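Working notes, beginning with the structure itself.
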Ligand code: HEC
Ligand code: HEC
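Numbering (my numbering), first residue to last: 250 to 535.
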């Protein structure tokens with residue numbers, strides 16, 4: 250009896266191990282299928298897409314389009330060549346191709362409303378909730394410049410793992426139309442000499458990280474701009490924007506790259522107008 254028990258034990262253990270393994274595998278498959286179907290339900294939702302025509306006439310200024318794509322960060326998330334890149338495990342789209350596939354109105358709708366011409370939505374890692382106020386002339390210039398570039402294959406540097414689906418399924422990656430709010434949009438972007446320049450520029454170029462009110466975001470590392478800007482006189486601010494080096498000549502973990510990649514393409518007049526706007530803002534609580 251004892252002998253038989255001993256002989257049977259490994260077989261029983263093996264059987265239970267196999268059963269446990271099968272149950273675990275089934276659980277993983279069910280979890281995967283559930284996540285897939287939740288994300289599919291979200292990603293295939295359709296929103297009204299009837300993009301209004303841009304309210305600007307005339308041809309795109311291609312050089313300005315290229316500059317704006319840098320200043321406004323399209324090149325940091327969509328890659329230097331704008332053919333997409335790895336953004337925290339998610340493959341960003343090739344927007345040279347999107348600019349050829351979508352007319353200017355459709356492209357503007359995707360950028361500002363987060364809705365593609367086919368009615369599907371972008372997730373909020375595309376900052377359409379911040380770019381929603383981008384002026385028509387700036388979108389025309391960026392679209393025109395992108396569409397003028399030769400077609401090249403998509404970048405494929407991101408992992409093939411379903412990071413975006415997972416983010417959508419667990420409710421981390423919200424759909425833009427679910428968080429979007431209507432706001433007035435200028436036809437032509439304010440020029441640096443216009444008092445409207447500061448608020449406009451800070452909204453489209455800084456708010457993505459420094460928050461809608463520029464006072465930083467909960468859970469984010471970016472500080473209150475009214476507070477930190479006052480430490481910089483105009484000359485130091487210009488150096489910061491052009492080189493990414495802070496007051497002490499040091500590198501900052503994220504902001505130095507933002508300065509060199511994006512903000513170094515600002516004009517002197519823009520830098521001066523932005524500095525004067527930011528330093529004129531009251532600190533939070535004042
Ligand atoms: C913070 C990163 C980030 C920045 C900055 C950014 N994008 Fe995006 N963009 C994304 C991501 C991520 C997606 C894909 C979203 C998705 O898959 O739902 C996207 C999607 C798009 C799409 C939709 C393409 C399609 O057909 O699917 C367009 C158009 C676009 N971006 C244009 C722009 C332009 C123009 C700029 C600059 C003004 C810009 N983006 C700046 C991250 C960014
Ligand atoms: C992609 C995110 C991002 C964008 C866009 C961005 N910032 Fe920042 N910024 C940060 C972060 C994060 C920090 C905190 C330092 C760090 O971690 O690099 C910071 C810090 C700063 C600082 C403090 C520097 C110091 O001395 O400590 C200033 C000034 C600043 N940003 C200005 C701006 C301005 C002006 C804009 C828009 C024109 C802007 N930033 C756009 C992320 C961003």
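C-beta: ideal position from N, C-alpha, C; glycine also.
Keep in mind the model is a prediction, meaning the values are calculated, not measured.
Nearest-angstrom beta carbon gap, residue j and residue i [assumed within contact, 8 Å]
i: residue 396; j: residue 329; result: The Cβ separation is near 18 Å, so there is no contact.
i: residue 298; j: residue 368; result: 4 Å
i: residue 400; j: residue 365; result: Not a contact, Cβ separation roughly 19 Å.
i: residue 532; j: residue 476; result: 5 Å
i: residue 291; j: residue 514; result: Wrong, their Cβ atoms sit about 35 Å apart, outside the cutoff.
i: residue 454; j: residue 284; result: Contact flag wrong, Cβ pair sits at about 35 Å.
i: residue 424; j: residue 370; result: 4 Å
i: residue 422; j: residue 372; result: 4 Å
CA-to-CA distance, residue j to residue i, given in whole angstroms
i: residue 306; j: residue 294; result: 33 Å
i: residue 407; j: residue 337; result: 8 Å
i: residue 327; j: residue 404; result: 9 Å
i: residue 484; j: residue 521; result: 9 Å
i: residue 419; j: residue 482; result: 45 Å
i: residue 262; j: residue 271; result: 14 Å
i: residue 360; j: residue 417; result: 19 Å
i: residue 332; j: residue 268; result: 47 Å
i: residue 258; j: residue 469; result: 56 Å
i: residue 357; j: residue 442; result: 26 Å
i: residue 277; j: residue 478; result: 50 Å
i: residue 501; j: residue 434; result: 33 Å
i: residue 426; j: residue 497; result: 42 Å
i: residue 534; j: residue 381; result: 27 Å
i: residue 480; j: residue 286; result: 51 Å
i: residue 511; j: residue 486; result: 15 Å
i: residue 313; j: residue 386; result: 10 Å
i: residue 289; j: residue 414; result: 8 Å
i: residue 378; j: residue 528; result: 25 Å
i: residue 473; j: residue 265; result: 58 Å
i: residue 505; j: residue 462; result: 22 Å
i: residue 538; j: residue 409; result: This structure leaves residue 538 out entirely; the chain is present only between 250 and 535.
i: residue 335; j: residue 260; result: 48 Å
i: residue 343; j: residue 402; result: 8 Å
i: residue 503; j: residue 274; result: 41 Å
Neighbour flag for residue i against chain B, beta carbons, 8 Å
i: residue 501; result: Here chain B cannot be found, since the structure has a single protein chain.
Proximity winner among the options, relative to residue i (alpha-carbon distances)
i: residue 457; options: 273, 422, 437, 374; result: 374
i: residue 376; options: 288, 439, 459, 445; result: 459
i: residue 440; options: 434, 512, 431, 450; result: 450
i: residue 437; options: 309, 501, 270; result: 309
i: residue 317; options: 487, 430, 391; result: 391
i: residue 245; options: 265, 353, 272, 315; result: The chain is shown only over 250 to 535; residue 245 falls outside these bounds and no answer can be derived.
i: residue 300; options: 362, 502, 527, 277; result: 362
i: residue 444; options: 526, 384, 512, 508; result: 526
i: residue 339; options: 296, 314, 428, 411; result: 411
i: residue 325; options: 509, 517, 524, 516; result: 509
i: residue 388; options: 471, 461, 323; result: 323
i: residue 398; options: 465, 315, 524, 503; result: 315
i: residue 471; options: 499, 507, 494; result: 507
i: residue 519; options: 446, 343, 311; result: 446
i: residue 530; options: 494, 516, 464; result: 464
i: residue 355; options: 499, 275, 432, 302; result: 302
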